[in-house]
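To start, the structure under review is shown below, and the notes come after it.
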Amino acid sequence: MVTNKDFLTHKPNESLSVIESLDFPLLKDKKIKLDVKREDLVHTYLSGNKWRKLKYNIEHAKRLRKSTLLSFGGAYSNHIYATAAAGKLYGFETIGIIRGDELTADNETLNFAIQCGMKLKFVSRELYRKKTEPEFLLELENEFGDFYVIPEGGTNALAIQGCEEIVSEDDFQTYDVIAVMVGTGGTFSGILNASKGKSHILGISALKGEFMNTEIENLIVKFDLKGYQNYSILTNYHHGGYGKSSQELNDFIPEFTSHTQIPIEFVYTGKLFYALFDLIAKDYFKPQTNILAVHTGGLRADRRF
Ligand SMILES: *Cc1c(COP(=O)(O)O)cnc(C)c1O
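Each residue of the sequence shown is one higher than the last, beginning at 145 in the numbering used here.
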């Protein structure tokens, strides 16, 4: 729980997102170079891809002279958490439309959001499904007044634009593979679009199901992206599904963190590094492959249980 009333004063700093090299016997054995892009270091509360996704939306909302941001999410949504923090830091009122679950005292995400000043409205799963329908948005406008809408998970054209800046042009030259977790696919799509077809963009799906390849193609069409095909998505590292874990993953995470001093969690980044180490052990990559893993942040997700 955040207790210091001055807890949110400094703004995200993208220059803190450095690249670090990992040193493991397995990497030496297999002659693989594995580096990490530390997006988690950009800010304590607004870290990783959630900041990148909000950044140009905040600018746009300011330009439109909107004073309120409204978004949607589940009770453990990193995006709701980041939107609340962004509102507090950049001077917006914030409203979170929360799916289903009522607020429980131990829910860090929603308690944090409330501390940032976010107003929460809990809606049934049924109503939540109507979140993109104009009539529902009109009802919300009647209730809350004018606002700037950010979609669930934060993925829109401006979010993808922000994610295009996670990996630099030099990095696409240096690395054969850029690996990143996929939730809605917004972050992945931004990186793919920035790649100009260079290096292979490898996505690991945090969700159970085979639909993610179609979803990326849908995003390419919907947001008029370049449609580069230098990518693949692996759908067999979900460990039971979104927000679920496995014994193997639970064992892997503390081992990784004690060896590297890099914190990871089981919803996203734990699954990324688990997948990469599994793939490397199984000779999925050729010797001398240079891999850049994007650490997308999300570290408070672990406090869920
Ligand atoms: C939200 C999130 C993702 C997934 O991002 P998408 O753009 O929705 O695919 C990955 N990692 C972390 C830590 C996240 O919080």
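Where is the CB? At the ideal position from N, CA and C, for every residue including glycine. The model shown is predicted, which means the values in this text are computed figures rather than measured ones.
Pair within 7 Å by beta-carbon distance, residue i and residue j
i      : j      : result
Glu164 : Val186 : no
Gly330 : Ala301 : no
Ser333 : Phe316 : no
Gln326 : Ser312 : Here residue 326 is Val; the residue named in the question, Gln, does not match the sequence. No, the pair does not count as a contact, with Cβ atoms beyond the cut-off.
Phe280 : Ile242 : no
Ile377 : Gly347 : yes
Glu296 : Phe216 : yes
Gly353 : Lys197 : no
Ser339 : Tyr372 : yes
Ile359 : Asn337 : Just to set this straight, residue 359 is Glu in the shown sequence, not Ile. It is not a contact, given that the beta carbons lie outside the stated cut-off.
Asn157 : Lys194 : no
Pro431 : Lys175 : yes
Buried/exposed call for residue i, threshold 16 Cβ in 10 Å
i      : result
Thr248 : exposed
Phe355 : exposed
Lys155 : exposed
Leu436 : buried
Ala425 : exposed
Asn394 : exposed
Asn380 : exposed
Glu183 : buried
Gly289 : exposed
Leu363 : buried
His439 : buried
Thr299 : buried
Ser159 : exposed
Leu166 : buried
Gly244 : exposed
Val324 : buried
Leu282 : exposed
Leu208 : exposed
Ser268 : exposed
Contacts around residue i, its chain only, beta-carbon distance under 8 Å, and the 5 residues preceding and following it disregarded
i      : result
Phe396 : Gly414, Phe417, Tyr418, Phe421
Gly261 : Ala228, Gly231, Lys232, Glu237, Thr238
Chain-order list of residues whose beta-carbon lies under 6 Å from that of residue i (same chain, five-residue window excluded)
i      : result
Leu214 : Ile239, Phe291, Val293
Asn434 : Lys177, Tyr319, Asp320
Gly275 : According to the sequence shown, residue 275 is Lys rather than Gly. Closer than 6 Å at the Cβ level, and outside the excluded window around Lys275, lie Phe216.
Tyr375 : Leu336, Ile345
Leu264 : Gly240, Ile242
Phe367 : Ala301, Ile304
Nonlocal neighbours in the same chain, by C-beta distance under 7 Å from residue i, ignoring five residues either side
i      : result
Ser389 : His383, Phe410
His204 : Leu302
Thr401 : Pro407, Ile408
Tyr200 : Leu302, Gln305, Gly306
Thr404 : Leu166
Beta-bridge pairing of residue i - partner residues as DSSP gives them
i      : result
Asn434 : Lys177
His204 : Paired residues: none, contrary to the question.
Ile377 : Gly347
Thr212 : Glu237
Meets three-Cβ-pair contact criterion under 8 Å: the region 189 to 200 and the region 215 to 232: yes
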